[in-house]
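Novice: Here you go, one structure.
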Amino acid sequence: GDLHQNSDKYLKVLWKSLKFLIVYNNCLSLMYVLGPLIADTILHYGFDYLQRPLTLPMPLTPLIRYNDTWDVKHYIVTALNMWAAMEVVVSIEWFIANYALLTTFFLTELIIFKHQVNSLNFDKGDEWEHQVESIVNKHTKIMRLNVELKDYLGFPGAFISFFTSMALTFTAFTSFSSSNIPLRLSYGSGFFLYSSSALLLTSIGQKLENESEEVFKAFYSLRWYEFTPNARKSLNMMMRQARTPLIIDFHGRYKMNLANFMQILRSTYSYFTLLREVASK
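What follows is the structure, given as structure tokens:
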């Protein structure tokens with residue numbers, strides 16, 4: 241009962257965090273994408289107030305230049321930039337949701353397995369061999385799942401770590417260097433989004449690492465001297481494997497834990513300092 245309550249509580253917190261990030265991200269994206277277009281349309285066609293179109297930096301801005309007039313090309317480029325911006329948003333949200341749900345599923349399986357190890361009943365002699373066999377099979381599946389999870393999420397996790405450092409750097413730099421209040425607010429909100437997303441993902445990864453260490457402690461506390469020779473051999477194998485924490489990484493680097501989150505922040509500060517020095521010259 242306690243296990244299911246803890247799992248349900250953890251899943252509810254995760255779902256609320258994901259929903260908040262997705263709603264926040266979509267609202268911010270719509271305001272950033274549609275806000276300038278609506279303001280531009282009202283100020284130009286309603287009040288004839290602007291001398292040139294009102295635009296904000298978009299994904300395709302470095303590749304396709306706007307004209308300083310309200311012609312057909314301006315609206316075509318605006319539509320393409322809207323599409324590109326939403327593609328970026330959807331890609332980020334896909335990785336956040338995919339990583340969070342898959343890792344949480346794995347984490348839940350690991351917590352259940354830990355409780356199965358702790359609840360081994362040594363008094364049921366007729367079921368003892370079956371219990372050990374069940375634990376060995378479950379541990380083998382968990383180790384295989386960890387390998388598959390690394391193969392699937394390792395490289396995207398490494399990319400998202402680097403991408404987050406770059407995104408935090410440029411959003412922070414724009415917020416500090418620009419005198420445009422709406423631009424500073426939008427990029428400041430983007431900084432909050434990227435940093436909170438990275439904190440969510442690395443926190444789940446840290447929880448996975450911590451639970452894998454708890455599994456090792458559960459193995460270590462078993463009364464191994466009551467095992468049969470074959471069961472001792474299986475326990476020895478599982479303990480050797482359990483010494484290595486289960487965590488999402490890319491060939492041993494870019495580990496998705498809180499240490500990596502601190503590394504992202506340190507990299508961001510270094511890039512930000514370098515960018516300010518270059519811009520000041």
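Throughout the sequence shown, residue numbering follows our numbering, covering 241 to 521 in sequence. Beta carbons are placed, not taken as given, at the ideal position from N, Cα and C, and that holds for glycine.
Classify G430 as buried or exposed, calling it buried when 16 or more other Cβ atoms lie within 10 Å of its own Cβ.
Specialist: Buried: at least 16 other Cβ atoms inside 10 Å.
Novice: Is it true that the CB of L408 sits closer than 8 Å to the CB of T344?
Specialist: No, the Cβ-Cβ distance between T344 and L408 is not below 8 Å.
Novice: Can you check whether the CB of S461 is closer than 8 Å to the CB of A482?
Specialist: No. Outside cutoff.
Novice: So for F490, helix, strand or coil by DSSP?
Specialist: Three-state result, F490: strand.
Novice: In the DSSP assignment, find the alpha helix (DSSP H) that holds F469 and state where it starts and stops.
Specialist: Looking at the sequence provided, one finds Pro at residue 469 rather than Phe. Residues P469 to A482.
Novice: Pull up the distance between the alpha-carbon of N358 and that of M479, whole angstroms please.
Specialist: Distance between the alpha carbons of N358 and M479 is about 14 Å.
Novice: Quick one: is G445 buried, meaning 16 or more other Cβ sit within 10 Å of its Cβ, or exposed?
Specialist: G445 should be labelled buried.
Novice: Which parts of the stretch 357–403 are runs of the beta strand (DSSP E), unbroken and 3 residues or longer, counting only runs that do not cross its ends?
Specialist: List check, beta strand (DSSP E) in window: nothing returned.
Novice: Put L439 into one of helix, strand or coil per three-state DSSP.
Specialist: In the structure shown, L439 sits in a helix (DSSP, three-state: H, G or I).
Novice: Less than 6 Å between C-beta atoms, sequence neighbours within five positions excluded: which residues of the same chain meet that for F490?
Specialist: Hits under 6 Å: G394, F395 and A398.
Novice: Identify the continuous alpha helix (DSSP H) that holds L296 and give its terminal residues.
Specialist: No alpha helix (DSSP H) contains L296, which DSSP labels as neither H nor E.
Novice: Given 8 Å as the limit, is there contact between the stretch 252–261 and the stretch 336–354, that is, 3 or more CB pairs closer than that?
Specialist: Short answer: they touch.
Novice: Taking K252 as the reference, which of T348, K390 and W464 has the closest Cα?
Specialist: Of T348, K390 and W464, the residue nearest in Cα terms is T348.
Novice: For A325 versus S269, is the C-beta spacing smaller than 8 Å?
Specialist: Contact flag set, yes.
Novice: Does the separation of the CB atoms of F501 and T442 fall below 8 Å?
Specialist: Yes.
Novice: Measuring CA to CA, which of E333, P422, K521 and Y392 is closest to N296?
Specialist: The sequence shown places Leu at residue 296, rather than the Asn named in the question. Measuring from the Cα of L296, the nearest candidate turns out to be P422.
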